[in-house]
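Report on the structure given below.
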């Protein structure tokens with residue numbers, strides 16, 4: 001199919017998709033490479049179709065080529081080449097896993113939540129504070145949240161009226177957001193009782209603004225840091241100021257590791273922390 005012209009390829013995909021006669025669709029992945037042209041209406045049609053089929057896992061990705069951001073929202077918008085209007089998703093109460101890449105994820109203020117959403121992974125996506133707030137407040141089943149390269153997010157919403165049940169949290173590529181990092185301790189504390197896997201990559205941990213904090217049920221910690229002195233000191237501070245009584249696995253990736261004294265001292269320190 002890859003050798004077909006775009007119109008014929010689109011028709012072929014639609015024909016295969018509509019041959020699915022079951023009442024439900026478990027998983028649907030859609031990867032688009034608009035290359036500066038409007039997202040095809042066929043993409044909207046396909047997403048609407050799987051939403052009607054009560055899709056459980058939806059993965060929508062756009063390439064890094066110079067294409068406009070895509071808005072996923074439920075409110076009316078004027079026609080524009082950088083808008084993908086998907087009201088069907090807002091009412092798709094079967095959705096349990098939602099992954100979005102290289103697009104703008106936006107929800108209306110009237111959003112009432114995805115009843116069964118357990119996993120949300122926006123990657124290099126534009127996600128606003130109120131969207132994150134809506135997800136945390138109105139998706140009671142959410143267990144897995146990964147904010148990967150969401151550079152525009154200036155602050156984290158910290159739930160205070162509900163007990164979040166997040167078990168797996170990942171934050172990466174937000175080093176330019178000092179205000180958000182200062183809120184990280186409160187954010188983690190809001191679901192500390194449930195958190196089991198924590199991933200922090202490609203940013204200064206700046207743990208002195210986080211601790212002290214106890215994550216009583218954390219079993220896996222993944223860190224990705226630079227090889228400079230400041231980042232290595234952050235790791236020391238993390239273990240000195242934070243308590244992980246049930247930790248079983250530590251994964252540390254040091255960029256540009258070349259075996260210098262400070263880096264080898266860090267390796268020795270981590271080995272001493274390892275449980276034999």
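In UniProt numbering, the protein residues as written are 1 to 276.
Built from N, CA and C at the ideal position, the CB exists for glycine as well.
Between the beta-carbon of residue 48 and that of residue 88 there is about 5 Å, and that keeps the pair under the 8 Å contact cut.
If the five residues before and after residue 26 are omitted, its C-beta is found closer than 7 Å to the C-beta atoms of 56, 57, all from its own chain and listed in chain order. The alpha-carbon separation between residue 59 and residue 122 amounts to approximately 10 Å. Between residue 51 and residue 103, the CB-CB gap reaches or exceeds 7 Å.
Its Cα nearest to that of residue 223, the residue 255 stands out among 255, 215, 260.
When DSSP states are grouped into helix, strand and coil, residue 107 belongs to the coil group. The three-state reading of DSSP puts residue 62 in strand, counting E and B together. For residue 122, the enclosing beta strand (DSSP E) starts and ends at 119-123. In this structure, 46 is the residue among 24, 23, 46, 201 with its C-alpha nearest to the C-alpha of residue 32. Boundaries of the alpha helix (DSSP H) harbouring residue 267: 261-273, taken from the DSSP string. For residue 233, the uninterrupted alpha helix (DSSP H) run begins and ends at 229-241, by DSSP.
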